Structures are given as structure tokens and as C-alpha cells.
Amino acid sequence: MSLYYVQKFLYELNRDERLQAEYRADRRRVLAPYELTEEEADALVAPDIGLLFHLGVNGQILMHFAALHQIEWADYLQRMRDGIAEHGPVREGVYAMTGYEGVDAHAATIGQRAGDSGTTEDR
Amino acid sequence: MTLVYAGVCSHAPGIRGRADQADPDVRDRFYVAFDDMRRTIEASGAEALIVVAAEHFANFFMDNMPSFAIGMADFYDGPIEDSGWLGIDKFRAPGARDLSHRLITEVMETVDVAYAEEWKFDHGIAVPLSFLTPEYDLPIVPVNINCQGPPLTPLHRSWALGQALRRAADAVPERLALIGTGGISHWPATPDSGKINEEWDRLLLDRWCRNDRDALLAYDDLTVYAEAGQGGFEIRTFIAVSGAAEGATGSVHFYAPIPIFAVGCTIASYDLGVPVPVTAASS
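Quick mapping for you: the protein sequence lines, in order, are chains A and B.
Position 53, counted from 1, in the first sequence is what the working numbering calls 67; the numbers after and before it change by one each time, with no gaps.
Position 96, counted from 1, in the second sequence is what the working numbering calls 180; the numbers after and before it change by one each time, with no gaps.
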């Protein structure tokens, strides 16, 4: 488990066009300098947005990575939801500070039914 | 007294990047409010704009995360994001290296800050600038508060930063505008994106307008996270502006939840009681 290095790679990728070119040319080779587990490397190569979110990657880093892959906004949000549904709550990081419980739990916390707001991204 | 403007605004990437997906009526009213903010800043005769932002891993990462950082460069390039995705073309905004140097020197008397001679703007600054200085002709002094990577900057230190910025601004001859950009409640870039806690936002804005230090500093991160999302951590930028405008009264010029922008869109400012210069106002 090396969330720090997963995010470090994405942070550097997001701000460095040269690294982006190297990533496009050979996704796996560009990961070599980073201390990653096989699961993490596979998620970055795929790319598996849902798994990366489950692993704890901050959305501010992840959304740029999704944009790099031309993943449309509503699709990006859905991939994260699918990742949580498949793998469970976020393991680590800022979203796990109080235990990430997903849309329904957040909605209940602030007295809304899931779907009352926040679904217009599908319009 | 050279701080001539103090306000806050939203910066969510969807404000530009997903503009075509919003309700046109509310979006256009929001844009008009942003344009009014631009006119007010221009009329203030501001010679530079201090932007207190919550950047999102464009420049600062957990290998060396500063609580506070202030830019000290001749120019700043942005946006770091794909231009098509963000809806903002690549730009180079002017810096104010010498002014930054003097401000940082004064701020450091009471608040430890990192300085940065290189800084790439992300949407946190690029979105506000696209409205407030669309020609990128006003020198910028970027300021960052760590609202992203815990442990986060304490709220009372954000207030102290605002106080220090005010003292520094008042110590230089230039007329300066100050804006904070951030939240309020939102769950940006997560599956909950689009959720907005309007009641929470309006209570915070009420406290902000009354410049109620005790109420603003009473928030705690666990409650903020539960009620206002991780984007709520960005209230630090609002609190810094409150610290800079200590004792002033504020007004909300625009507030409306716009889910596709993933935030309660906000424009607000403090009345600093600074006369508008005749030359600037009449130009």
C-alpha cells in the first residue's frame, strides 16, 4: 500500500507534459521509479479510475488523470461510484478520514435523500 | 491604508469547463456578479491582486507541503489543466516580484510562509482570473493555504495569515485588492460531486459577513467534512480574507447552488470604507 507514491506519480504526470508523453508511449515503464504495488501499477496502466479512487487517490489529482484519458465528466463520476461498489469504501487518505460511506450516507448526514441534488451532472 | 478591496469568490472548474451544461439563467446571473466584482476591483484603483487560493496539487505536494506559500515571480503560467477540459486558454499572468518580496518580508514577521519563485496556476486561481482580469493585465500575488493534504492549516492560523497580509498590504504604497477563492460546501471531484449544503453555506456566509471571528474559528474539520465535504476545508481562504478585513462588514452579492458546477456559487465582499479614487472610478 503506497498511496503516497501513487499520488506522487499522478501529481508529476498532471503537471509535466514530457512525463505525459512518456506515459503515452509506455505506461508501465514510466512507473518504474515509483514504489508501487502490482495492484497500484495495474490501476495506473489500465487506467482503473474506480480502483484508484478506492485506494484513496484525491479527486483533485484523479480528475486531471481522467481528463488526460479523455474520460467525460459524468463517466468519471460513475467510474468512481462503480469502484466503491466493487471494492468497498475508500481505504486511505482524505476521504477515509471519517470513513467514506458513499453518496447515501453523505445525503443522510445533511438531511437529503440521495438523488435530491447533485445528479444534474447527468443532464 | 492600501488594501482597497477584500472579497471572496468560487473557483470550481465546472464554472468554465461545464458552462454549457448549467441552467443558463442562473449561470448568467452568476457571471454578471463576477463581472460586477471585476468592475469594483478596477474602480478601486488596485495596482495588484492578491489571490488567496486553495490549490489542488498543482505546485505543492505531500513531499514538502507548506501551510502557507506566497508567490514571488515575474509571471505565472496557467492553467495546468487541459484547456478544453477547463474552458480556459493557456495564459501567462503578470507577477509583481518586488511587491511580493516586500509583502512576504512583512508577513514573515508574524506568520511563517514558504515563498515560491515558480508557480503554475490551476483552476483555483485560473477560473477567478478568467473573470476578474480577462486580459491578464493586473499583476498577481498568489497565496496558498493547505486545504488538501492533512494535517491541514489550522483555521486560526488562516485568520492570522489574513491579519498579516493586511498589515503587509497597509505597509506598502501600492493600492492592493485581495480575494479569497474556494468552497463553500462541496464534494468536488468525487462521486458526491454536485451535492451542496445550502443551509450550511448560508450560515457560514452570515458569519463571514458579520466578520464573526469566534464563529468562523469554531468550525472543526471532522464536522466540516461530514456536513460540507472535503471541499469545505477551503473555508480557510474565506477566513483569511475575514482576518484581513477584521472589523469590517460584508455583503453577499451572489449565492446560488449550481450542481453541475459542483459548488454553491458565491460572490461576496467586505466594505473596507476606502474611498474609490476619482480617476479610476471615472475612467
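Even for Gly, the Cβ is constructed at its ideal location relative to N, Cα and C.
Fair warning: this is a prediction, and the values are worked out from it, not measured in the lab.
Item                                                                                                                                                                     : Value
Going by DSSP, name the residue or residues bridged to B/PRO307.                                                                                                         : Looking at the sequence provided, one finds Thr at residue 307 of chain B rather than Pro. Note: B/THR307 sits in no beta bridge, so no partner.
For B/GLN247, collect the residues of the same chain with a Cβ closer than 6 Å to its Cβ; drop the 5 residues on either side in sequence, then sort them by chain order. : GLY327
Going by CA-CA distance only, name the one from A/LEU50, A/ILE75, A/MET94, A/ARG105 that's closest to B/GLU165.                                                          : A/ILE75
Which residues in the same chain as B/ARG259 place their Cβ atom closer than 6 Å to its Cβ, once the five residues preceding and following it in sequence are excluded?  : THR86, VAL88, GLY129, ALA130, GLU131
Just to confirm the assignment, what range does the beta strand (DSSP E) spanning B/TYR220 have?                                                                         : Premise fails: B/TYR220 is in no beta strand (DSSP E) and is neither H nor E.
Kindly indicate which three-state DSSP category B/SER335 falls into: helix, strand or coil?                                                                              : strand
Output, in chain order, the set of chain B residues within a Cβ distance shorter than 8 Å of A/VAL20.                                                                    : The premise fails here: A/VAL20 is roughly 12 Å from chain B at the closest Cβ pair, so nothing lies under 8 Å.
Any beta carbon from chain B within less than 8 Å of A/HIS78's own beta carbon?                                                                                          : yes
So which residues on chain B does A/ALA81 lean against when the C-beta distance must stay under 8 Å?                                                                     : GLU165, ASP166, TRP169
Assuming contact is defined by CB atoms lying nearer than 8 Å, are B/PHE215 and B/ARG122 in contact in what I supplied?                                                  : yes
Are the beta-carbon atoms belonging to B/PHE175 and B/GLY162 less than 8 Å from one another?                                                                             : yes
Listed in chain order, which residues of the stretch 45-73 of chain A have Cβ atoms closer than 9 Å to some Cβ of chain B?                                               : PHE67, ASN72, GLY73
Relative to the C-alpha of A/LEU27, which residue among A/PHE67, A/ASP56, A/ALA80 is closest?                                                                            : A/ALA80
Select from A/VAL71, A/VAL44, A/LEU91 the residue whose C-alpha is nearest the C-alpha of A/HIS59.                                                                       : The identity of residue 59 of chain A in the sequence shown is Val, whereas the question assumes His. With distances taken between Cα atoms, A/VAL59 lies closest to A/VAL44.
With a threshold of 8 Å between beta carbons, is A/LEU91 in contact with chain B?                                                                                        : yes
Would you say A/ARG95 lies against chain B (beta-carbon separation less than 8 Å)?                                                                                       : yes
I'd like to know whether the C-beta atoms of B/ASN295 and B/THR333 end up nearer to each other than 8 Å.                                                                 : yes
Report yes or no: do the stretch 301-320 of chain B and the stretch 261-277 of chain B share at least 3 C-beta pairs separated by less than 8 Å?                         : yes
List in chain order: all unbroken alpha helix (DSSP H) runs of 4+ residues lying wholly within the stretch 222-303 of chain B.                                           : 239-255, 282-293, 297-301
Just verifying my parser: in three-state terms, what is the DSSP assignment at B/ALA210?                                                                                 : helix
Provide the residue span of the alpha helix (DSSP H) that contains B/SER184, from first to last.                                                                         : 181-191
How big is the Cα-Cα spacing for A/GLU135 and B/TYR160?                                                                                                                  : For A/GLU135, the predicted model reports a pLDDT of 37, less than 50, meaning its position is unreliable; a value from the coordinates is still stated below. In a straight line, the C-alpha of A/GLU135 is about 32 Å away from that of B/TYR160.
Cβ closer than 7 Å: which chain A residues qualify as neighbours of B/PRO108?                                                                                            : Near B/PRO108 there are no residues of chain A at all, since even the closest Cβ is about 12 Å away, more than 7 Å.
Sort B/HIS240, B/CYS93, B/VAL211 by Cα distance to B/TRP169 and report the nearest one.                                                                                  : B/VAL211
By the criterion of Cβ-Cβ separation under 9 Å, what are the contact partners of A/TYR37 in chain B?                                                                     : Near A/TYR37 there are no residues of chain B at all, since even the closest Cβ is about 14 Å away, more than 9 Å.
Mind checking which residues open and close the beta strand (DSSP E) that includes B/SER353?                                                                             : 347-355
Under the assumption that B/ALA138 contacts B/ARG320 (Cβ atoms under 8 Å), give the Cβ distance between them as a whole number of angstroms.                             : 7 Å
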